[in-house]
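Trainee: If you count the sequence shown from 1, you need to add 271 to reach my numbering. Every residue, glycine too, gets a C-beta built ideally from N, C-alpha and C. To start, I am sharing the structure in question, which I have written as structure tokens.
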Amino acid sequence: DTNRIAVVGSNMMDLITYIDRMPGRGETLEAPDFAMGFGGKGANQAVAAARLGSSVSMVTCVGDDAFGPQVRQNLETNGIDTRHVRIVGGAASGVAPIFVEPDGENAILIVKGANSALAPADIDAAADTLRQASAILLQLEVELETVYHAVAFGAREGIPTILNPAPARRDLDVGRLAGLDWFCPNESELALLSGLPTATDAEVVEAARSLIAGGIRNVVVTLGGRGARLITATTVQEIAPVAVTPVDTTGAGDAFIGSFAHFCGAGLEPAKALIQAARYAALSITRRGTQSSYANAEEFADFTARQLNV
Ligand code: RIB
Ligand code: NA
């Protein structure tokens, strides 16, 4: 039987400009290239899991503008169940102007639009779908009350929840995440949310354990070039980094989280799922765009085989 994943979160239209450098204030600069693509952390994670073969359903809000139907259609094209995509009257769809520099690094603005309307009631309306999921995936591009409600739903119903606290938000109350199964920040998000330093490996573990003491079960911290760590109350496992030449890092974090949910749901042990997720994210960095850079199962298998042969 297929692994079912539910994503409760955002969608955006990514407006990606490839630049030589950021313009200064008041400066007009010519940029070499532009591409529009489907993005948003929630939708990205949903698409990554779906391309790898999970059966995914998405709870999200779109505007009643020209982008809304395109966003919904894109989810359907990726085989994602859109029964719980709600159109918000009078609202604009979420958009994300993104700037990508020649070294692949990016700067992103998000204009959430209809995503701000995703409410606890949307979770209740999708309860039957969420109950069938092997995991509920969450990010921070929607109202925090909605995130807390989903975590509480998962804890009450026994459905594992995975929260990627991105983008970083100081106002996230980690005290309301008790019962969360997987908390997956990067090192700066971990520092912000724990209020502790994360410069060294020992500090990362201590910061993660402070959250575990508050009722979060497992913490996965991504450390950029130093890979990732899987931290529980009693164990620490190192996930090695995967070296590739970056082309466009946009959406790599979402590739990591979405594929982690897929590999866990497919039955891999968490540490093994994270090794695969790190490879999946690395592959996305070698390609342009956000969802456009996410491999399907076959492309990923090819990449993994090549990686193991070098
Ligand atoms: O994580 C990458 C995503 O962040 C982009 O797709 C953009 O839409 C913003 O949500
Ligand atoms: Na990419």
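Would you mind stating whether Gly529 and Gln316 have Cβ atoms separated by less than 7 Å?
Mentor: A contact, by the Cβ cut-off of 7 Å.
Trainee: Please report the straight-line C-alpha distance between Phe424 and Leu323, rounded to a whole angstrom.
Mentor: The alpha-carbon atoms of Phe424 and Leu323 are separated by roughly 26 Å.
Trainee: To the nearest angstrom, report how far apart Glu509 and Leu501 are at their CA atoms.
Mentor: Straight-line Cα distance between these residues: approximately 7 Å.
Trainee: Should Arg488 be counted as a contact of ligand 3 given a C-beta to heavy atom distance under 6 Å?
Mentor: What this structure holds is ligand 1 and ligand 2, not ligand 3.
Trainee: Hey, how far is the Cα of Gln562 from the Cα of Met284?
Mentor: Computed Cα separation, rounded: 11 Å.
Trainee: Judging by CA-CA distance, which residue of Ile433, Ala398 and Pro468 is the nearest neighbour of Val491?
Mentor: Nearest C-alpha to Val491: Ile433.
Trainee: For Tyr289, does the three-state DSSP call read helix, strand or coil?
Mentor: Strand.
Trainee: Terminal residues of the continuous alpha helix (DSSP H) containing Pro541?
Mentor: Start and end: Pro541 to Ile556.
Trainee: Three or more C-beta pairs closer than 8 Å, one from the region 349-366 and one from the region 383-399: is that the case here?
Mentor: With the cut-off at 8 Å, the region 349-366 and the region 383-399 touch.
Trainee: How many angstroms separate the CA atom of Ile556 from the CA atom of Ala549?
Mentor: Answer to the nearest angstrom: the Cα atoms are 11 Å apart.
Trainee: In chain order, what residues place their C-beta within less than 7 Å of a heavy atom belonging to ligand 2?
Mentor: That gives Val518, Asp519, Thr520, Thr521, Gly522, Ala523, Ser555, Ile556, Arg558, Arg559, Gly560, Thr561 and Ser564.
Trainee: On the three-state DSSP scale, how would you describe Asp584?
Mentor: No information on residue 584 is available, as it lies outside the stretch 272 to 581 that the chain covers here.
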